[in-house]
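Protein chains in written order, with my numbering: chain B, 1 to 224; chain G, 1 to 224.
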DNA sequence: CCGCGCACTAGACCAATGTCTAATGCGTCG
DNA sequence: CGACGCATTAGACATTGGTCTAGTGCGCGG
């Protein structure tokens, strides 16, 4: 039974996915790797591979930013250890990730040995954060916490619809992209609003955004 | 003509306003101080006191979060030096503030001498940031920049309406709070959407949020 | 095997949102 | 002063959003 370690790698950047996979091999040897570059494929991967041992999750994928995906997946696979991978390396962000249930946090600036050490530690069952980050006994903001709980309770379709709403799409566009009727989307929207405890889509967007992380605007000096 | 230094202090926390005013006195001696605790009073203060020499602006006031207020005011009073005051003290946030045209940045954790030094430097015409923060030649994210430009172009009423939209209020509620008819709000909304280059209120909210700053969720250890 | 709950689908209907047209008032420039 | 631009106001109308009701398919416990 005891198959090889199975790891899901969710990151929209192919090169970085490859680097992560390389680190995985260096850490656990042979491993089953499932790659996901979009929210949809991530959802599929999580549903299809219930036996996965680890999830590496980028904080910034197209259509999913911040901790919403983490909250959602944590609720469906409580036992799936998840490591957040992000260009953002602020202690506050790292702490929030752990408080949202992540088992580890790897800044994208990390070297290969660091990444391997982190993966090893998390697979072994412990929580890993970069050196020098203290996991003080802070609590999440109350609204952020309750919004995370509510988001986690959404069904897969509802979650996708909500994220599309949070991109500013109209119901009609969402319906077209998902290949269903607009009436269906409206029904989903109503269910989402009820679960989030809000009255309209704007407030739903605010709930999603409360889980967002300030993105590193990182383009450095204006060319050479 | 040369009246006393006139300073506008915008912060919703009375105690902190008082501390800031104290620092002002210690720095420039007697000064005309105009206090603002809400967005509306801030707008009024800026319009009524065209001769103000300095604006101290909290990053987190009820109804206005992040750099939207800074962008808006910078566009109306290009020559009014503005110092951002915030609990957030991350270098990235400080850099963003300066790139949005702030003349200084004072973390709320600063000591009194630091605050006085900062105010003195800015009044003297230079830019002040906390020790150890390098103002590298970074550029703002393109969308953040263009959204800031668009926000700055709104009229006072339009700006207030937009921020109320960004709180999730319905047109009807906004109309009631501002004491005008709902039709008026709708007209404002249309003008806002046009200026922001978007199609609906949800996208307008996203534009505002692109100027937001991650708020420090700072409640520390769960009581003693 | 059957019934039950739930996710998903959808149409009809009502409420909120957004557009178009237009009137008023105010400051500026000629 | 008078013409013009612009912010503000508002009503009529079109579009989008959200609720209600209801049918279908699927998994789970009796």
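Note that CB positions come from ideal geometry on N, CA and C, so glycine has one too.
Residue-chain proximity (residue i, chain G), Cβ-Cβ < 8 Å
i, result
"residue 205 of chain B", "yes"
"residue 213 of chain B", "yes"
"residue 224 of chain B", "With a pLDDT of only 25 at residue 224 of chain B, under the threshold of 50, the placement of this residue in the model should not be trusted, and no figure is reported."
"residue 13 of chain B", "no"
Alpha carbon of residue i to alpha carbon of residue j, nearest angstrom
i, j, result
"residue 21 of chain G", "residue 31 of chain G", "9 Å"
"residue 35 of chain G", "residue 188 of chain B", "46 Å"
"residue 86 of chain B", "residue 176 of chain G", "43 Å"
"residue 120 of chain B", "residue 27 of chain B", "6 Å"
"residue 45 of chain B", "residue 8 of chain B", "7 Å"
"residue 160 of chain B", "residue 39 of chain B", "8 Å"
"residue 172 of chain B", "residue 82 of chain G", "44 Å"
"residue 215 of chain B", "residue 108 of chain B", "13 Å"
"residue 70 of chain G", "residue 106 of chain B", "34 Å"
"residue 33 of chain G", "residue 17 of chain G", "10 Å"
"residue 42 of chain B", "residue 134 of chain G", "39 Å"
"residue 126 of chain B", "residue 118 of chain B", "9 Å"
"residue 152 of chain G", "residue 158 of chain G", "10 Å"
"residue 204 of chain G", "residue 113 of chain B", "44 Å"
"residue 137 of chain G", "residue 73 of chain B", "38 Å"
"residue 97 of chain G", "residue 84 of chain G", "7 Å"
"residue 232 of chain B", "residue 104 of chain B", "Residue numbering for chain B in the displayed model covers 1 to 224; residue 232 of chain B lies beyond these limits and cannot be assessed."
"residue 166 of chain G", "residue 207 of chain G", "9 Å"
"residue 10 of chain B", "residue 64 of chain B", "11 Å"
"residue 37 of chain G", "residue 56 of chain G", "12 Å"
"residue 58 of chain G", "residue 12 of chain G", "8 Å"
"residue 224 of chain B", "residue 139 of chain G", "The pLDDT assigned to residue 224 of chain B is 25, lower than 50, so where the model puts this residue is not dependable; a value taken from the coordinates is nonetheless given after this. Approximately 14 Å, taken between the alpha carbons."
"residue 52 of chain G", "residue 116 of chain G", "18 Å"
"residue 141 of chain G", "residue 95 of chain G", "12 Å"
"residue 131 of chain B", "residue 91 of chain B", "10 Å"
"residue 185 of chain G", "residue 62 of chain B", "33 Å"
"residue 144 of chain B", "residue 212 of chain B", "10 Å"
"residue 154 of chain G", "residue 47 of chain G", "15 Å"
"residue 190 of chain B", "residue 148 of chain B", "18 Å"
Per-residue contacts from residue i into chain G (C-beta, under 9 Å)
i, result
"residue 209 of chain B", "205, 206, 209 and 212"
Contacts that residue i makes with chain B (C-beta to C-beta distance below 9 Å)
i, result
"residue 90 of chain G", "90, 92 and 214"
"residue 101 of chain G", "Going along chain B, no residue has its Cβ under 9 Å from residue 101 of chain G, so there is no contact; the nearest lies around 16 Å."
Contacts that residue i makes with chain G (C-beta to C-beta distance below 8 Å)
i, result
"residue 171 of chain B", "Within chain G, no residue comes near residue 171 of chain B; the closest Cβ sits about 11 Å away, beyond 8 Å."
Chain B residues whose Cβ lies nearer than 8 Å to that of residue i
i, result
"residue 165 of chain G", "202"
7 Å Cβ cut-off: residues of chain G touching residue i
i, result
"residue 132 of chain B", "Simply none; closest approach about 16 Å."
Residue-level contact to chain B via CB, residue i, 8 Å cutoff
i, result
"residue 168 of chain G", "yes"
Inside the stretch 8-67 of chain B only - alpha helix (DSSP H) runs reaching at least 4 residues: Listed in chain order, the complete alpha helix (DSSP H) runs (minimum 4 residues) inside the stretch 8-67 of chain B are 14-28 and 39-48.
Considering only residues of the stretch 83-151 of chain G, which uninterrupted beta strand (DSSP E) runs meet the minimum length of 3 residues and lie entirely inside it, listed in chain order? 104-107
Output the residue ranges of the alpha helix (DSSP H) runs that lie fully inside the stretch 159-190 of chain B and measure 4 residues or longer, sorted by chain position. 171-178
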